[in-house]
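2 protein chains.
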Amino acid sequence: MAQKVYLSNYEFKEALNKYLSEISSVFLNKEVINTEEGLGRVIAQAVYSKISSPFYNCSAMDGIALHSSKTIGASEKHPIVLEEGKDYIVVDTGDPVPKEYDCVIMVEDIVNIAENRIQIYKSAAPWQNIRPLGEDIVEKQLIVPSGHTVRPVDIGAMLAGGVNTIEVYKKPLVGIIPTGTEIVEPGSDLKVGDIIDFNSRTFSAQVIEYGGTPKRYGIVKDNYEILKETLKKAVSECDIVIINAGSSAGREDFTSDLIADLGKVYVHGIAIKPGKPTIMGRINNKPVLGIPGYPVSAYIIMEKVLKKIVENYQGLKTKEPQKVDAILSRRIMSSLKHLEFVRMKLGYVGNKIIATPLSRGAGATMSLVRADGTLEVPQNVEGIEAGTKVEISLMRDMEEIKNTIVCIGSHDPILDVLSDMLHLSSKHYYLSSAHTGSMGGIMALKNEETHIAPIHLLDMETGEYNISYINKYLKNKDIALIKVVKRIQGLMVQKGNPLSLKSISDISEKNVRFVNRQRGAGTRLLLDYYLKKLHISPDQINGYEREEFTHLSVAAAVANGDVDCGLGVYSAADMMGLDFIPVCNEEYDFAVPVQYLELDIIKELLKVMKSSEFLKKLDELGGYDYSDICNIIY
Amino acid sequence: MAQKVYLSNYEFKEALNKYLSEISSVFLNKEVINTEEGLGRVIAQAVYSKISSPFYNCSAMDGIALHSSKTIGASEKHPIVLEEGKDYIVVDTGDPVPKEYDCVIMVEDIVNIAENRIQIYKSAAPWQNIRPLGEDIVEKQLIVPSGHTVRPVDIGAMLAGGVNTIEVYKKPLVGIIPTGTEIVEPGSDLKVGDIIDFNSRTFSAQVIEYGGTPKRYGIVKDNYEILKETLKKAVSECDIVIINAGSSAGREDFTSDLIADLGKVYVHGIAIKPGKPTIMGRINNKPVLGIPGYPVSAYIIMEKVLKKIVENYQGLKTKEPQKVDAILSRRIMSSLKHLEFVRMKLGYVGNKIIATPLSRGAGATMSLVRADGTLEVPQNVEGIEAGTKVEISLMRDMEEIKNTIVCIGSHDPILDVLSDMLHLSSKHYYLSSAHTGSMGGIMALKNEETHIAPIHLLDMETGEYNISYINKYLKNKDIALIKVVKRIQGLMVQKGNPLSLKSISDISEKNVRFVNRQRGAGTRLLLDYYLKKLHISPDQINGYEREEFTHLSVAAAVANGDVDCGLGVYSAADMMGLDFIPVCNEEYDFAVPVQYLELDIIKELLKVMKSSEFLKKLDELGGYDYSDICNIIY
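From first to last, the protein sequence lines stand for chains X and D. Okay, so the first sequence: first residue is 26 according to this note's numbering, each after it adds one. Okay, so the second sequence: first residue is 26 according to this note's numbering, each after it adds one.
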């Protein structure tokens, strides 16, 4: 049986600083490169110009160069005639002005009177229209100081100052070793148990963003000796090496032993969540990190540890993320055992920024894609109450967040389509939806956390949809209902309907394996409505307690054979190639505070919803009746 | 004689929008690339997952997988014994859970009692510790919408969702053609009249920053036929082509004719400063720009025109620069003829942001290097008064600007050294100096525009330095004087002193060509002091009216043979390899408001000034006596 080794639990910042100081001798190596290849590099040695720019006196105008003494006394009444070659030469802008001349008269102030003769009507002052040597850059002047990160304009100025090579800090080559017997390359024929190696590709892109150069090695199986050889090779070829994963304490987690074998482990296990099973070590004076396998843990460790190493390696200033204050919409519980980074969705609703925690699972890649920022919950804090003002480190531009429609409530596949089409129609607008179920949408409207709540709530007494719920739960608010679609709800079953299900009563009678939706979802309320009507008790349903959050998740569970049946919309069943037994038609609408109907972004959304492209897409998805779309009921 | 063709003067934004709409058919070409190479690319076709992630039910823990029914009734008093293979299998985190099992018990809750037998003490709930299929990403779920710019996390999520290739907008290849008979490659042996081609290198770096790929062509002489062949080649190879320069209306400016010859010119001349002689055209459905030769004009046109084209080409969102409000320190005059972009230096002094215009010359590359932002003066505005609140588009992080010591006043080469050493000593601190002369420094203190004013002002009556000026001009302020150096002022003359100058009186007696410093410079006041003492009138000095702004510029003019002599400090003469005739010792100090002495950044500066590295550098520069350095007189 697996043995359990316990990791240490170093306080994060302390461990990181200790580690950075242990490896500080590897930082700030210098190299000389061509100035023109310097973009983004950090200057190691202050750059002083080698020549002046311009390095000779030159004309600032198109015109003639001459000595000012030849022009004394010229006036409208007494013009002076000058001869080319004898008195002046013709110059264009930038042409050198010979030493015997001290001024330039611009072409507009000259009258040609013969092939080589011109006339002038006023005298010229010494040095007029001449760009003197060094006007822009004087020889030996400081152009950029040490520690400066090179921009395009710096490249221009350094080359203009005769500086063709520069001394910069070396940019680290970061070796990335994906490990694991179960890991396979993207594009492989997948079999159950395989895990696609996407982490190493995310790491490569992160390394580029941090200012390093990534070098990805092939996947190494969980074999100590092979891994050891690969690690030795990577350490000899690269400046920094990261190993993913095997950094925990399971049966095949020997990254830590391996680093200790070849070098030294400073830290194994830090008080951070996600990301605890992290290893910080060194082999042959090269930093070596063991990065956890879960993608969110890996992301956090890359951001919080590797980024700092890459920055320190070449003297890059740390780019701190922009921060913003927001109101926490839900209580967050954390543990005193660790510092936690929680991914947050932000919504700019009614001039307030609302922050809602996303899935905190270490495997939730989509929580990173969907996140607008992160909230740091310190180690000594057990929780933060809803309504608290919190500081969020942004992962997305505030401008984008302000131009995003927040849509919290019931899920339907058309929300994905709308999100895409809105952004296509107006590239500054976004729609972001969170799937909390219809009642979650009603509560979000009540708490002023959302612009729109998609709902499909059947009043069991009147048989009417949505309106009675708004009247009951949002009676103090001015809410409009944008009609969207009538959609077909029904039983999703495997292709060919192997269990020959015909209706909801079959679920209990045939004891089929069912999967339910989460509490508060309109679809669950619909199930409950039918169960009550049919006098079926929930505990007669095998799987009533098993919850999924979207129609697609339910359909996926059926398609995979995990369960035999679930309740959901036609389009989701159709997307997954399932059979579908219609149960009822229901009305899926958007509840929205009346004042938001005036927002440009909501008007744009309505425009998209009325467009023929969108309606065509609804036809393709199937199971939607959009005859009332965009009718507004106040 | 040169003929003058007048350019058109289209209103800038109108011309740009017209042009962008003319060439809009070339934008948004699509291509398919590998997902892992997608960083920074713009999604052309919304990405939906192809598989779920995980694509099978898997264990969320290290432990055993089994069916929950086997655990019913387990308790501390009545543990249940289970047998490996028959009742359970051992699983690590991520391992698949076979369909016959529905839960995982974590290793911590298990007691091994024999080789293949374990004991449990509580029952397990169905689905506990299982990551169900699709927990992270459900098949056919939207991962990123069209128009989204790919980040590292998106690459991970797309690969996890089985999406190995993506459709993105094509990234443009931008051809850059430097032209001009006088243009030479960096590193060439320079002769008078040569101009180093640094523009095309700056352009390359700018194109990379904008999100395009640059392709630089060799320098083309001003020959219509050769240029035509190169342009045809570039148009056939690239997506966008820029020609630098020949875009004006001088003798050899035939870029416009050439574009018209091969295609169409939409605009030649826009009401923008700098940057008027710009050409916007098209050849074979490829955008072709003629970019002015002056580096600042070129920079502005790249930023305002090419950047937009590169962004529109691939559907990138325009990254607007951050903006900040600042108080204008000097009056700016502009013309009704054009929209003007003025480079600005910002100073964060006493909780106010002060904006000071930098050199407005189109050739002032260093004004771009030194700029913190730009001020846009609209075409219909003739000027902006000092003290006005203006909006600045930042070119540098506000955080950096806030950590910068503003130093306005007299120039000495040691300011360059201090700027470099301060940043080396503490990488978050900067020193930025503007050379306005000592009296300019006094005025900047008076107007609260600077932290520090370097001054060397001789009281002609008492012979005392600096203090009497502070008492006179800054009597209402609490100013301290940080002693810096005594430095030697003297006559800088060519190596070997060919005119055998011995003293200031020789300048007028021998009628030597002199170069002066600007009004308000302490060195000019020093000259005036001696002239008065020697009863020499300024008009007896040949070159009294010719002004340079720094010691180095004066030294450069002497070194170049433009003039025979100038007054300045020893270190500058020495740097340029000149001979030096000492005239006097003077005291060069920093005047600073007393309250700023408490700022950490000023304390850090004093630390640097007292360091042995700095004093060693003073010895190397020569001519400095630092026995009083960092003594503070209140």
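Glycine residues also receive a C-beta, built at the ideal position from the N, C-alpha and C atoms. Treat the numbers as computed from the prediction; the structure is a model and nothing was measured.
Name the residue from the options whose alpha carbon lies nearest to the alpha carbon of residue i.
| i | options | result |
| --- | --- | --- |
| residue 130/D | 144/D, 192/D, 203/D | 144/D |
| residue 398/X | 239/X, 325/X, 485/X, 518/X | 325/X |
| residue 300/D | 388/D, 232/D, 214/D | 388/D |
| residue 281/D | 37/D, 461/D, 316/D, 431/D | 316/D |
| residue 269/D | 625/D, 283/D, 108/D | 283/D |
| residue 586/X | 638/X, 522/X, 639/X | 522/X |
| residue 490/D | 475/D, 501/D, 512/D, 92/D | 512/D |
| residue 80/X | 158/X, 497/X, 133/X | 158/X |
| residue 508/X | 613/X, 437/X, 560/X, 536/X | 613/X |
| residue 304/X | 333/X, 335/X, 319/X, 271/X | 271/X |
| residue 64/X | 647/X, 225/X, 184/X, 87/X | 184/X |
| residue 425/D | 416/D, 440/D, 396/D, 405/D | 396/D |
What are the boundary residues of the beta strand (DSSP E) that residue i is part of?
| i | result |
| --- | --- |
| residue 604/D | 604-618 |
| residue 244/X | Careful: residue 244/X lies outside any beta strand (DSSP E) and carries neither H nor E. |
| residue 114/D | 113-116 |
| residue 305/D | 304-308 |
| residue 434/X | 429-434 |
| residue 418/X | 414-419 |
Would residue i and residue j be called neighbours here (beta carbons separated by less than 8 Å)?
| i | j | result |
| --- | --- | --- |
| residue 329/D | residue 266/D | no |
| residue 392/X | residue 321/X | yes |
| residue 660/X | residue 583/X | Residue 660/X falls outside the range modelled here, since chain X spans only 26 to 659, and no answer is possible. |
| residue 341/X | residue 200/X | no |
| residue 100/X | residue 146/X | yes |
| residue 479/X | residue 432/X | yes |
| residue 611/X | residue 543/X | no |
| residue 538/X | residue 579/X | no |
| residue 470/X | residue 456/X | no |
| residue 374/D | residue 475/D | yes |
Check the Cβ-Cβ distances between residue i and every residue of chain X, and say whether any is below 8 Å.
| i | result |
| --- | --- |
| residue 464/D | no |
| residue 217/D | yes |
| residue 81/D | yes |
| residue 144/D | no |
| residue 35/D | no |
| residue 399/D | no |
Taking only beta-carbon atoms, is residue i less than 8 Å away from chain D?
| i | result |
| --- | --- |
| residue 29/X | With a pLDDT of 41 at residue 29/X, under the threshold of 50, the modelled position of this residue cannot be trusted; read the value that follows with caution. With 8 Å as the cut-off, residue 29/X counts as an interface residue toward chain D. |
| residue 26/X | Low confidence applies here, because residue 26/X scores a pLDDT of 40, under 50, leaving its location unreliable and the question unanswered by this model. |
| residue 362/X | no |
| residue 169/X | yes |
| residue 477/X | no |
| residue 196/X | no |
| residue 50/X | no |
| residue 643/X | no |
| residue 663/X | Because chain X in this structure spans residues 26 to 659, residue 663/X falls outside the shown range and cannot be described. |
| residue 289/X | no |
| residue 435/X | no |
Hey, quick one: how far does the alpha helix (DSSP H) through residue i stretch, first residue to last?
| i | result |
| --- | --- |
| residue 399/D | Where residue 399/D is concerned, there is no enclosing alpha helix (DSSP H), although the beta strand (DSSP E) it sits in stretches over 398-402. |
| residue 459/X | No alpha helix (DSSP H) contains residue 459/X, which is instead part of the beta strand (DSSP E) from 455-460. |
| residue 301/X | Careful: residue 301/X lies outside any alpha helix (DSSP H) and carries neither H nor E. |
Can residue i be considered in contact with the ligand MG, in the sense that its beta carbon sits closer than 7 Å to one or more heavy atoms?
| i | result |
| --- | --- |
| residue 577/D | The ligand MG is not part of this structure, which contains no ligands at all. |
Validate contact between the segment 98-116 of chain D and the segment 187-198 of chain D using beta carbons, cut 8 Å, 3 pairs: no
Are the segment 38-51 of chain D and the segment 161-179 of chain D in contact at 8 Å, needing three or more beta carbon pairs? no
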